[in-house]
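Asks: Just so you know, we're using my numbering here: the sequence shown kicks off at 1 and counts up by one. Glycine included, every Cβ here is placed at the ideal spot set by N, Cα and C.
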Amino acid sequence: MAQKVQKLDAAARAKALAELPAWREVPGRDAIGRQFTFADFNAAFGFMSRCALKAERMDHHPEWFNVYKRVDVVLTTHDCGGVSVHDIELARFMDQAAG
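#1: Sorted by chain position, which residues of the same chain lie with C-beta nearer than 8 Å to Asp40's C-beta, five sequence neighbours on each side aside?
#2: I'd like to know whether the C-beta atoms of Phe47 and Phe36 end up nearer to each other than 9 Å.
#3: Taking the continuous beta strand (DSSP E) assigned at Leu75, which residues delimit it?
#4: Start and end of the alpha helix (DSSP H) containing Glu56?
#5: Quick one: give me the first and last residue of the beta strand (DSSP E) that Arg29 is part of.
#6: Considering only C-alpha positions, which residue in the set Ala12, Ala98, Gln96, Glu89 is nearest to Phe57?
#7: Just to confirm my understanding: we take Ala22, look at its own chain, exclude 5 residues before and 5 after, and list those with CB closer than 6 Å. What are they?
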């Protein structure tokens with residue numbers, strides 16, 4: 001049986017966010033978020049496709065919204081009710097995928 005992922009404590013969360021300077025805590029939620037802006041829709045959609053493949057492999061899916069060249073992302077782990085190591089891993093991947 002898979003072990004349930006744990007919500008990050010305040011110190012671990014602060015350390016992780018310090019290493020992800022573009023990501024912010026989402027007001028009113030136990031989540032982190034970031035807005036990505038690309039050259040055009042094609043670049044934004046390509047980014048979303050790469051991230052979707054990673055998310056599927058992780059079985060950890062983002063909340064996101066796309067309009068033209070902008071992608072707004074919110075990450076939280078519903079199983080533990082807050083930010084977990086899965087969110088941090090996906091946020092790092094997204095930063096790399098965005099270039």
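Replies: Quick look at the numbers:
#1: Once the five neighbours on either side are set aside, the close Cβ partners of Asp40 are Tyr68, Lys69.
#2: Yes, these two residues count as a Cβ contact at 9 Å.
#3: Following the DSSP letters along the chain, one finds Leu75 inside the beta strand (DSSP E) bounded by residues 70-75.
#4: Segment 41-58, the alpha helix (DSSP H) holding Glu56.
#5: Premise fails: Arg29 is in no beta strand (DSSP E) and is neither H nor E.
#6: In the sequence under discussion, the amino acid at residue 57 is Arg, which differs from the Phe named in the question. Comparing Cα-Cα distances from Arg57 to each of Ala12, Ala98, Gln96, Glu89, the minimum goes to Glu89.
#7: So the qualifying residues of the chain are Arg34.
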